[in-house]
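Protein chains in written order, with the numbering used here: chain A, 4 to 83; chain B, 4 to 83; chain C, 907 to 1048; chain D, 907 to 1048.
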Amino acid sequence: MTRLTVRYFASLRDAAGLGEESLQTTAPDLRGLYAELQVRHGFALPVAHLRVAVNGDFARWDEAPREDSEVAFIPPVSGG
Amino acid sequence: MTRLTVRYFASLRDAAGLGEESLQTTAPDLRGLYAELQVRHGFALPVAHLRVAVNGDFARWDEAPREDSEVAFIPPVSGG
Amino acid sequence: MPRFALSEVSFDPAPLRAVLLDERAGAFAAFEGWVRNHNDGRAVDGLRYEAYVELAEKEGERILAEACERFAIHEARCVHRIGDLAIGELAVWVGASAGHRDAAFTACRWIIDEVKSRVPIWKHERYVAGDAGWLHPSPPTD
Amino acid sequence: MPRFALSEVSFDPAPLRAVLLDERAGAFAAFEGWVRNHNDGRAVDGLRYEAYVELAEKEGERILAEACERFAIHEARCVHRIGDLAIGELAVWVGASAGHRDAAFTACRWIIDEVKSRVPIWKHERYVAGDAGWLHPSPPTD
């Protein structure tokens, strides 16, 4: 079990109904973590459209979730 | 004989020592007029590097000098 | 002083431009994104930008540093608004000073393109018709 | 109101930018030419721009009108200084507003290129070494 914080932005935040949550996961990697949360919150965005960040830096989907880390799923950006 | 006014700019003005002059010419076209003035004032710029304007609009070198017109020889520009 | 910043309030580009003034610089190019009253054929009432602030600031800073490496520019700056914006408001400002205009234009264009594609900022548009939505452009399929 | 103007005194770009603000415009690009402290390896003390005013105003106006025809922009403006300028002073300002950034950048770049090649304005540089001279770039051989 890994305990961590997940942050949601934009449409993911709207779908989850919250900006962040603390949770425990048994997912082996961040891809698996997103799959779990996609089921829980009904996220429409496929993982292929997202990027993932850990502790404020971009990360790889095959990284294992780290204890006490902050994971953020980054929907396609639309600044500018 | 055609009587007209010629205006000089930038290095042509420096070489002529004046910004404009009234003169009479027998040159058949503006190219010939520049040739006359090149001799008179010792202009270094060849006609191929210049443009010519008549009464405030660009003109062609083969145009005949017009009575009472204002002719300007335009050295290579360097604005911006 | 950071080259990239997020701003929660409307800002004036004049002092940003002033920072880039440089006696060695002969050229300065700037880009501004303004909130348009329409998008994709729909009348827009206003919008909100949300950012993942910590990462947006880091990634913005990386883009500006990269621009200073890649192009023959003297300096560059970018500020991006977050929060609620009205029609006509300044959403993003980019400026670059350089010896010559080629580098100034190229860097300025590159910076805004990179900011739009890399910095975690999202636009939420409110339409005159009453609905609203997040803009999540589909990534290029490659 | 003319789109192109010569100015015998230093001018502020802010009101020019303000004229281009437009609720339909999502993009604005600007270019500024500043007086550099060096050119072609020589230390420059200051410069003077001379214009054939009547023709410069006409030709500048034609360039801006052409830009509005050729590119998907809403509006564009250009002001060029004449007279004596000190190092760091604003020599020329170009701005263009558009629906999208592509047109804004392309038009802005095109305008400054055309102004530099077509408008009868000449630069007289004064060097720190004490001499001075007109810049008359050799035309391209074609």
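The C-beta atom is built at its ideal place from N, Cα and C for all residues, glycine as well. This structure is a prediction, so every number in the text was calculated from the model and none was measured.
According to DSSP, simplified to helix, strand and coil, what is residue i?
| i | result |
| --- | --- |
| B:Trp64 | coil |
| C:Ile1018 | helix |
| C:Glu963 | helix |
| C:Ala1013 | helix |
| A:Arg69 | coil |
| A:Glu23 | strand |
| A:Val50 | helix |
| C:Ala971 | helix |
| C:Ser1023 | helix |
Just grab the DSSP bridge partners of residue i for me.
| i | result |
| --- | --- |
| C:Lys1029 | C:Tyr955 and C:Leu1041 |
| C:Cys984 | C:Phe910 and C:Val1000 |
| D:Glu938 | C:Phe934 and D:Trp999 |
| A:Thr28 | A:Thr5 |
| D:Asn945 | D:Arg948 |
| A:Val74 | A:Val9 and A:Val57 |
Check whether the Cβ of residue i lies closer than 7 Å to any heavy atom of the ligand FMN, and answer yes or no.
| i | result |
| --- | --- |
| A:Asn58 | In terms of ligand content, the structure shown is empty, and the ligand FMN therefore cannot be addressed. |
Can you tell me where the alpha helix (DSSP H) with residue i in it begins and where it stops?
| i | result |
| --- | --- |
| A:Asp17 | Ala13 to Ala19 |
| D:Ala920 | Pro919 to Leu926 |
| B:Leu40 | Leu33 to His44 |
Taking the beta strand (DSSP E) that residue i falls in, what are its first and last residues?
| i | result |
| --- | --- |
| A:Val55 | Arg54 to Val57 |
| C:Ala978 | Per DSSP, C:Ala978 belongs to no beta strand (DSSP E) and is neither H nor E. |
| A:Val9 | Thr5 to Arg10 |
| D:Leu992 | According to the sequence as given, residue 992 of chain D is Ala; it is not Leu. Start and end: Gly989 to Ala992. |
Hey, residue i and residue j: beta-carbon distance below 8 Å or not?
| i | j | result |
| --- | --- | --- |
| D:Gly952 | D:Ala997 | no |
| A:Pro78 | A:Leu7 | no |
| A:Phe1 | C:Trp1028 | In the structure as shown, chain A begins at 4 and stops at 83. Residue 1 of chain A is therefore absent and cannot be evaluated. |
| C:Ser916 | C:Glu1031 | no |
| D:Phe937 | D:Ile988 | no |
| B:Pro68 | B:Ala19 | no |
| B:Leu74 | B:Leu36 | First, the residue type needs correcting, since residue 74 of chain B is Val and not Leu in the sequence shown. Result yes, Cβ atoms of B:Val74 and B:Leu36 sit closer than 8 Å. |
| D:Val1034 | D:Ala949 | yes |
| B:Gln27 | B:Met4 | yes |
| D:Pro919 | D:Trp999 | yes |
| B:Gly82 | D:Tyr958 | no |
| C:His980 | C:Arg930 | yes |
| D:Ala933 | D:Arg983 | no |
| A:Trp64 | A:Asp32 | yes |
| D:Phe862 | D:Gly1001 | Because residue 862 of chain D is not part of the residues shown, which for chain D are 907 to 1048, the question remains open. |
| C:Ala973 | C:Ala1013 | yes |
Just to make sure I have the definition right: I need the residues of chain A whose C-beta is within less than 9 Å of the C-beta of residue i. Which are they?
| i | result |
| --- | --- |
| C:His1042 | Ala13, Ser14, Leu48, His52, Pro78, Pro79, Val80 and Ser81 |
Find the residues of chain C that neighbour residue i, judging by a C-beta separation of less than 7 Å, and give them in chain order.
| i | result |
| --- | --- |
| A:Gly59 | Glu960, Leu961 and Lys964 |
| D:Gly932 | Gly939, Trp940 and Arg942 |
Below 8 Å on C-beta distance, what does residue i contact in chain B?
| i | result |
| --- | --- |
| D:His986 | Gly82 and Gly83 |
| D:Val998 | Gly82 and Gly83 |
| D:Pro919 | Result: empty, since nearest Cβ-Cβ is about 15 Å, beyond 8 Å. |
Below 7 Å on C-beta distance, what does residue i contact in chain D?
| i | result |
| --- | --- |
| C:Arg1015 | Phe1011 |
By the criterion of Cβ-Cβ separation under 8 Å, what are the contact partners of residue i in chain A?
| i | result |
| --- | --- |
| C:Ser1023 | Val80 |
| C:Tyr955 | Gly82 |
Going along chain D, which residues have a C-beta under 9 Å from residue i?
| i | result |
| --- | --- |
| C:Leu927 | Trp940 and Gly994 |
| B:Ala18 | Residues of chain D passing the Cβ test: none, with the nearest at roughly 10 Å. |
Strictly below 8 Å CB to CB, what residues from chain D border residue i?
| i | result |
| --- | --- |
| C:Ile862 | Since the first residue of chain C shown is 907 and the last is 1048, residue 862 of chain C is not available in this structure. |
List, in order along the chain, the chain C residues whose C-beta lies closer than 9 Å to that of residue i?
| i | result |
| --- | --- |
| D:Ala935 | Ala935, Ala936, Phe937, Glu938, Phe1011, Cys1014 and Arg1015 |
| A:Ala62 | By Cβ distance, chain C contributes nothing, its closest Cβ being about 11 Å from A:Ala62, past 9 Å. |
Which chain A residues sit within Cβ distance under 7 Å of residue i?
| i | result |
| --- | --- |
| C:Ile979 | Within chain A, no residue comes near C:Ile979; the closest Cβ sits about 20 Å away, beyond 7 Å. |
| C:Pro908 | Within 7 Å Cβ-Cβ: nothing; C:Pro908 doesn't reach chain A, min ~15 Å. |
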